[in-house]
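*Asks:*
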Amino acid sequence: MGLFNDPYSHLGPKESDPVDTNAESRLHRKEAREVARESLVLLKNRLETLPLKKSATIAVVGPLADSKRDVMGSWSAAGVADQSVTVLTGIKNSVGENGKVLYAKGRTLPVTKALSIS
């Protein structure tokens, strides 16, 4: 994708951004699918854990599991958080009626100040 080959060379003023900055739009689907394909990690399923049973009880733990902003990642400048599906919501949507999803936020992440490079 060339993301790190000079990532800011094509950026101009905000006014020059295309009108359609919806990451889910047809203009971005080809690239989004390519990035998804290239980032997949195959898992060994020796104990036949996957796919999870629709009637299972699933625990989702962590402060980012229910965060629309954080699920987009740090390179999502044009993304719209309200259009994101959180990990927790995605799992809840895929579990059957007999399934149960438990959520624990866990520890709150510390807020850090942005570092400036001199």
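Position 63 of the sequence shown, counting from 1, maps to 63 under UniProt numbering, and the rest follow consecutively.
The beta-carbon is built from N, C-alpha and C at its ideal position, and this holds for glycine as well.
CA-CA distance, Asn45 and Lys54?
*Replies:* Going by the C-alpha atoms only, they are around 17 angstroms apart.
*Asks:* Confirm, please, whether the CB-CB distance from Ala59 to Leu88 is below 7 angstroms.
*Replies:* No.
*Asks:* Is Ser84 near Lys68, with beta carbons less than 7 angstroms apart?
*Replies:* Contact flag set, yes.
*Asks:* With a Cβ-Cβ cutoff of 7 angstroms, do Pro63 and Leu109 count as a contact?
*Replies:* Taking 7 angstroms as the Cβ cut-off, Pro63 and Leu109 qualify as a contacting pair.
*Asks:* Please go through the same chain and pick out, in chain order, the residues whose beta-carbon is closer than 6 angstroms to the beta-carbon of Val71, but skip the five residues on each side of it.
*Replies:* For Val71, where only same-chain residues beyond five positions count, the Cβ hits under 6 angstroms are Ser84, Thr86.
*Asks:* Does the distance from the C-beta atom of Ala32 to that of Gly99 stay below 7 angstroms?
*Replies:* Not in contact: Ala32 and Gly99 (Cβ atoms no closer than 7 angstroms).
*Asks:* Restricting to Cα atoms, I'd like to know which of Leu43, Ala78, Leu52, Pro13 is closest to Leu27.
*Replies:* Per the Cα distances, Ala78.
*Asks:* Grab the span of the beta strand (DSSP E) containing Val60 for me, first residue to last.
*Replies:* Val60 -> beta strand (DSSP E) spans 57-61.
*Asks:* Which residue marks the beginning of the alpha helix (DSSP H) containing Leu88, and which one marks its end?
*Replies:* That run of the alpha helix (DSSP H) goes 87-94.
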